[in-house]
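To keep things clear, I will list the structure first and then write my remarks on it.
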Amino acid sequence: MPGGRLAPGALMVFAACEAGPASPPAPPATHTASTACSRPNGHVDADGDGFGDAARGASGCDPGTVDNADDCDDTDPTVHGPTAFYRDQDRDGWGGAPTQASCTPPPGAVDNAADCDDNRPEVHPDALERCNGIDDDCDGLVDDDDTTIIDRSWWFRDVDADGYGDPEIAEPACAAPHGYVDMAMDCDDGDPDRSPSSPERCLDGTDDDCDGLVDEQCPQLLDEADALIHGAAAWDMLGASIQLGDWDGDGTTEVAIGAPGSDAHGEGAGDVHLITAAQVQAGGDIASLSTKTLHGSRLDIAGFTLQPPVDLNQDGYDDLVLGLVGGGPGLPGGAAVVLGPVSSSAALTSVEAFRITGASDYDGLGVHALGIGQLRNDTPASILVGIQGDDTRAIAAGAALVFHAPLSDAIPLAEAALRIEGATEGGGLGTATVIADLDGDGLDDILLGEPGAARVVAWPSPDLPWNGTVLAASAAPIVIADIDPESELGTRVVAADVHGDGYLDLLVGAPAASVPYPQSGRWDVVPGPFTGARRLDGPATARFLDASGRLTSVGDASSGVVMEDLDQDGILDLILGGPGHWTNEVGGGGAFWFHGPLSGVQDVSAAPRTVLGTVVEEAAGAGLAAGDLNGDGLFELLVGAPMDEDDYGRVGVFFGDRTTW
């Protein structure tokens, strides 16, 4: 204020003063530049996953604000923005063309685009690659180019171009490589004539059809047997019957061979030769081999039939039961029993325990098989004898008798415990006789063939009286009849458990059956158990017939039959004799083998294995037997041909290694 005066317009300010000490001077004021937020508005990101909630806008300057509204669930930090979805046209879970991005899938859309063909539901990345010409699993590889393919086939090199390849040289592929085929059974890929479709050529020593067997479907000729046993004289008819048993009680097998035409001990007396297993395998003339011979008397014709070994008196030894086709002058027929052991050669009349003889000329008693079994618990055995020529009720109507052991000497027919009579003229009741458990009750029953009536009749043993009662065949409670009345069903009957079910079945012969050729014959396997009436209008289980017209009288009573488990597989096999078989201009007969299980209709002359006779009408197969003769576990086969040159007869022996299938 210059001069002590105020300038004009000056404002005079007076500060009030307080009493007390003076205050310190205030610090000079500090001025700061402005920092206001200028970011744009955004959306709240409540779960902190970087994606905002479209429903909650916020200032861009607020904490937790993000610049997008893409969160599909702002309460879950694991859920982010929309997903891209793709159309799944074929509904296989794999997409193709894109649709849109959204929080929820549109209808028919999935979250991947890995399908390489969205029109085929079987094509997608999880599919299995198959041989079909397409990329099933969408990896860009097709069929064989894809190592993960699952259904490639194995192909086998076929050098000889016969349609069968070498099993040792194989390639996996979808399609056959050049020079490869899909069948690997060739046993010689360098020979087009050897393959599973090639026929087996006989006697070339080669497995032509690749089944592991050499010449197996070719006939084995009787001339080529491992051993041959020859009859001693003309008309002996050696081999008409053959049975194996321990006839001398030494614990080893012997072979009984019938020579019913032998005159060595009288006109038509007949012989039964007993020889050791070792002698059978060596072969030779029966006169030099036979250790024991049982011979009949004049016109007995002993040895035409032989029964399997039985122990009639239960002493532990095999007994020999044989039919006497002649039975002496007048040819009434008969049967004799020789109790074992047989120690030496002898006349039947001196060693037989008993004999049964027909009452009239040509009665035919015992001409064919005898039935042996146990019909009563209080007797050791029973014998069923057929008299096929019996005329009691009608000419050749036939009859049958039952005798209970023990028996001795010559037995009058009137002493039979039971008599059954046929009433059909020419019926021949008793042509076949069987004692066996037919109904499965554990007790043996009676069965009779009545071929003239084309039927088989049977009785359960509990229903039978044993006081000499006479029954009529027409009253039989069990009947098996053929639809063909001319077939002669019942000419031959064999009982065995063919099916392995614990019940006996029947192999029934009908030698005059005319299908497919007149009187060409057949065998039927009829399943048990048996009750009531049964008519055969077709094969019940199996049928064996002659479809070639070369085999006469299949099922004839003179035909040998073997039912054994030849290959030891637990199932019965069958060998049928065909003495009338005609082939290669030589009607030498034969034996025909069938491997079990037995079923269907089979041509006997086309059997898988055959043995053929080579001499005109030598009737090979009339006698048949099989058994292990040398202890090697294999069956030897014996084939009898009783009518070879001059009817000496012979038996061919085929060792086990030639009968193994």
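In the working numbering, the protein residues as written are 36 to 696. For each residue, glycine too, the CB sits at the ideal point set by N, CA and C.
Alpha carbon of residue i to alpha carbon of residue j, nearest angstrom
i	j	result
Leu524	Asp663	33 Å
Pro364	Ser233	58 Å
Leu256	Glu289	24 Å
Val639	Asp681	28 Å
Asp88	Glu164	45 Å
Gly691	Ala467	31 Å
His300	Asp413	39 Å
Gly319	His265	6 Å
Gly139	Asp108	The amino acid occupying residue 139 in the given sequence is Thr; Gly does not appear at that position. Distance between the alpha carbons of Thr139 and Asp108: 11 Å.
Thr182	Pro156	22 Å
Cys72	Val114	30 Å
Ala382	Asn502	34 Å
Gly280	Trp190	55 Å
Contact belief for residue i with residue j at Cβ below 8 Å, rounded distance in angstroms
i	j	result
Gly556	Ala545	6 Å
Gly463	Pro486	5 Å
Ala661	Glu653	Ala661 to Glu653, Cβ: 20 Å. No contact.
Trp282	Val377	5 Å
Leu442	Ala394	The pair is not a contact, with the Cβ atoms about 17 Å apart (cut-off 8 Å).
Gly656	Gly612	3 Å
Ile470	Ile407	6 Å
Gly95	Arg126	With a Cβ gap of about 46 Å, Gly95 and Arg126 do not count as contacting.
Val386	Val373	5 Å
Cys166	Arg192	Contact flag wrong, Cβ pair sits at about 20 Å.
Met678	Gly684	7 Å
Buried versus exposed, by CB contacts within 10 Å (16 or more), residue i
i	result
Ile518	exposed
Gly39	Residue placement at Gly39 cannot be trusted, given a pLDDT of 42 that sits under 50; what the coordinates show is reported in the next sentence. By the 10 Å Cβ count, Gly39 comes out exposed.
Glu450	exposed
Cys222	buried
Ala68	Note on Ala68: pLDDT 44, under 50, position unreliable in the model; the coordinate value appears next. Its Cβ having fewer than 16 others within 10 Å, Ala68 is exposed.
Pro212	exposed
Gln342	buried
Cys52	A caution first: Cys52 carries a pLDDT of 34, below 50, which makes its placement in the model too unreliable to give a value.
Val651	exposed
Pro295	buried
Glu456	buried
Arg644	buried
Thr526	buried
Gln278	buried
Gln314	buried
Val646	buried
Ser417	buried
Ala269	exposed
Asp150	buried
Ile513	buried
Cut-off 7 Å between Cβ atoms - residues of its own chain near residue i, not counting five sequence neighbours on either side
i	result
Asp472	Leu478, Asp479, Asp480, Leu539
Thr384	Ser332
Ala511	Val492, Ala493, Trp494
Ala530	Val469, Ala471, Leu539, Leu541
Gly143	Arg122, Asp123
Sequence-distant residues of the same chain with beta carbon closer than 6 Å to residue i, five excluded per side
i	result
Ser323	none
Asp133	Residue identity differs from the one stated: residue 133 is Pro in this sequence, not Asp. Same-chain partners within the cutoff: Tyr121.
Val158	Asp152, Asp171
Gly424	Tyr397, Asp398, Gly399, Ala431
Asp105	Phe86, Gly116
Gly368	Gly362, Gly393, Asp398, Gly399, Leu400, Gly401, Val402
Gly475	Tyr538, Pro564
Any non-hydrogen atom of the ligand NAP within 7 Å of residue i CB
i	result
Val194	Absence of the ligand NAP is noted for the structure shown, with no ligands found whatsoever.
Own chain partners of residue i with C-beta closer than 8 Å, once the 5 adjacent residues on each side are dropped
i	result
Val194	Asp201, Gly214, Asp224, Gly225
Ala458	Arg428, Ala429, Ala432, Ala507, Ala508, Ser509
Gly99	Val79, Asp80, Ala81, Gly83, Ala93
Spatially closest choice to residue i from the options, by CA coordinates
i	options	result
Gly535	Val589, Ser549, Arg570, Asp604	Asp604
Ala371	Asp306, Pro160, Asp88, Leu673	Asp306
Gly293	Met218, Asp271, Asp106	Asp271
Asp246	Arg236, Pro254, Pro231	Pro231
Glu599	Ser593, Glu259, Leu609	Leu609
Leu673	Leu273, Leu347, Gly301	Leu273
Trp129	Val114, Pro117, Asp146, Thr139	Asp146
Val528	Gly615, Asp572, Ser594, Val356	Ser594
Gly92	Pro677, Gly77, Pro495, Asp106	Gly77
Ile391	Pro254, Ile321, Val437, Asp242	Val437
Asp285	Ala312, Ser297, Gly668, Leu263	Ala312
Gly648	Gly666, Ala547, Pro614	Pro614
Val533	Asn502, Gly461, Leu633	Leu633
Asp572	Val560, Ala582, Ser583, Asp581	Val560
Ala676	Gly658, Gly240, Leu669	Gly658
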